[in-house]
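Colleague:
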Amino acid sequence: MTKEYYSAPEAAKIFNVSRMAVVRWIQKGELKATKVGRNYVIPHSSIVEKLGKEIGTEKKAEIEKTIDRAIKTYEQTFRKLGKE
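Using numbering that gives the first Met the number 0, the first residue of the sequence shown is number 0, and each one after it goes up by one.
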């Protein structure tokens with residue numbers, strides 16, 4: 000069962016970023032939220048929307064490792080293809 004609303008710290012755990020990063024996204028309008036007192040509440044739909052646009056830091060690091068490995072392995076091939 001999914002929650003209807005999340006706090007900024009809960010959203011930070013979902014995105015694997017700091018709470019302040021989530022607050023900055025909210026302030027920039029990159030993540031829809033409502034301020035209740037001193038806290039933000041973020042609708043589930045906003046979390047899903049942002050997840051569709053963002054790649055987590057772990058996934059990004061994995062992609063970068065794969066790219067680096069491919070460059071090391073196929074560097075000569077890439078150079079030859081680049082000249083064509």
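Even for Gly, the Cβ is constructed at its ideal location relative to N, Cα and C.
Within 10 Å of its beta-carbon, does MET0 have 16 or more other beta-carbons around it, so buried, or fewer, so exposed?
Modeller: Reliability fails at MET0, whose pLDDT of 48 lies under 50, so the model's placement of it is uncertain and no value is given.
Colleague: What would DSSP say about LYS34, mapped onto helix, strand or coil?
Modeller: The answer is strand: DSSP assigns LYS34 an E or B state.
Colleague: Restricting to Cα atoms, I'd like to know which of GLY51, LYS59, ALA11 is closest to ILE41.
Modeller: The residue with the shortest Cα to Cα distance from ILE41 is ALA11.
Colleague: Under the three-state reduction of DSSP, which class applies to VAL40: helix, strand or coil?
Modeller: Residue state, collapsed to three classes: strand.
Colleague: How many whole angstroms separate the CB atoms of VAL21 and ALA7, which I take to be in contact at a CB cut-off of 8 Å?
Modeller: Correct: roughly 5 Å between the Cβ atoms.
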